[in-house]
Amino acid sequence: MKDVMGEKRRHGGHIHAVGFGVGGRHAEHEEKPKEQKKLDMSGMSMDTLPHLTMPLGDITTLDLSNNNLQSIPESIIARLLNVVMLDVRSNQLTSLPNSIGCLSKLKVLNVSGNLLHSLPATIEECRALEELNANFNQLTKLPDTLGFELHGLRRLSVNSNKLAYLPSSTSHMTALRALDARLNCLRALPDGLENLGSLETLNVSQNFQYLRELPYGIGLLVSLRELDISYNSITALPDSMGCLTKLVRFSATGNPLVCPPMDVVEQSLDAMRTYLSARMNSTQRKKKSWVPKLVKFNTFSAGMMTPGRTKVHGNTDGLLMSDYRSLNGGIASPGFLSMLSPRRLFSPRRNSPKH
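Following my numbering, the residues of the sequence shown are numbered contiguously, the last one being 358.
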């Protein structure tokens, strides 16, 4: 392994170190862009990485896939300052080194087919990342603030894991074009999904009994072309899906759909859109009677309002946006308000000592 350098290829072991060596050809044309250098050590049944003497800072592609690696040394990853593609799929990795955050030029990361339970928070430092493949692991969660930093991510594949939720920051991945989260334990999709205006493909199939509904915002994904929600426990589709005019492929097989009926969905996409659009128009007509009331009492505004920002109308007798906390997407329920009653707040605790 010590002589894995220069323009040498050893085909039997699948080692390819391309472009290394001193005094290479065309050395006089130093002003030209540097040649991409790939180190291929895939399929060698390695349990550990050998000592590498080559200048790792020159490598742009590193392929360590299809081995038996249980870990990757922090020092090796930290030296891959120019790596653009890192492939460590199909190993036995239980964690990734924290030094992965040093890979500021990394665009493609493939960690599929390992034993990962989580991804290091430092992955957020890989701000050039465009594609993240983490399929077939044991992930139970993703870093909470992942979407706040990886603004350029275009493809996110996390299928075949144990995810109950996607981080709420997913809605900030505005460059995302493909999201694959099938074969997990998803209970819900993140709020703010409508912000993903570039999303073209969404697959949340085979979450089985866990996924019971879709957010209203899914119908506002203006670029969506392919949607797979098959084999979940969804009984009704949001009326807003009638607005998905660019949708060309849709699958809802294996759901106990009632609205729209499954025969409408199976008829055609146009039939489904027509059905949901009619429901949406009907619902809007019904809402006309209560929308003015919400505006009057400051619990609704046509403008964008967020908790903590007070917007005062002529009548200030009603609730202000800063006066309540949203519960499950709605205004506080009567059950919640009863917890704040004077009798409850000022009555002595049951376990207080008697005098």
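Every residue, glycine too, gets a C-beta built ideally from N, C-alpha and C. Model, not experiment: these values are computed from the prediction.
Could you compute how far the alpha carbon of residue i sits from the alpha carbon of residue j?
i	j	result
SER208	HIS54	43 Å
ARG282	LEU99	48 Å
LEU119	THR97	5 Å
PRO263	LEU240	7 Å
SER48	TYR278	56 Å
CYS188	LEU156	23 Å
GLY195	THR51	43 Å
ASP61	ALA178	29 Å
SER163	LEU247	27 Å
LEU132	VAL267	41 Å
ARG215	MET57	53 Å
GLY250	ALA81	Gly is not the amino acid found at residue 250; the sequence shown has Leu there. Between LEU250 and ALA81, the C-alpha separation is close to 43 Å.
ALA335	LEU106	Only weak support is given to the placement of ALA335: the predicted model assigns it a pLDDT of 39, under 50, and the question is left unresolved by the model.
GLY116	THR286	46 Å
ASN138	SER121	12 Å
LEU59	VAL114	20 Å
GLN39	HIS154	25 Å
ASN258	GLU134	30 Å
ARG276	ASP242	9 Å
Looking at residue j and residue i, is the spacing between their C-beta atoms short of 8 Å?
i	j	result
LEU169	LEU205	no
TYR213	ARG185	no
SER160	ASP183	yes
THR63	VAL91	no
SER226	PRO193	no
GLY254	SER271	Reading the sequence as shown, one finds Ser at residue 254 and not Gly. Their beta carbons are not under 8 Å apart, which means SER254 does not touch SER271 by this criterion.
SER174	ASN198	yes
SER102	SER68	no
LEU89	LEU112	yes
LEU260	THR238	yes
ASN71	ASN85	no
GLU203	ALA181	yes
MET244	GLY222	yes
CYS129	GLY104	yes
ARG252	GLU229	yes
Bridge partners for residue i per DSSP, in chain order?
i	result
SER229	According to the sequence as given, residue 229 is Glu; it is not Ser. Paired residues: THR204 and ARG252.
ALA239	CYS262
LEU112	LEU89 and LEU135
Can you find a heavy atom of the ligand GTP that lies under 7 Å from the Cβ of residue i?
i	result
LEU109	Absence of the ligand GTP from the depicted structure is noted, as is the absence of any ligand whatsoever, leaving it without description.
Length at least 3, wholly inside the segment 135-186: the beta strand (DSSP E) runs in chain order | Entirely contained in the segment 135-186, the beta strand (DSSP E) runs reaching 3 residues are, in chain order, 158-160 and 181-183.
Contiguous alpha helix (DSSP H) assignments of at least 4 residues, all confined to the segment 64-100 | 77-81, all fully within the segment 64-100.
Do the segment 66-86 and the segment 122-129 touch if we need at least three Cβ pairs shorter than 8 Å?
-> The segment 66-86 is not in contact with the segment 122-129.
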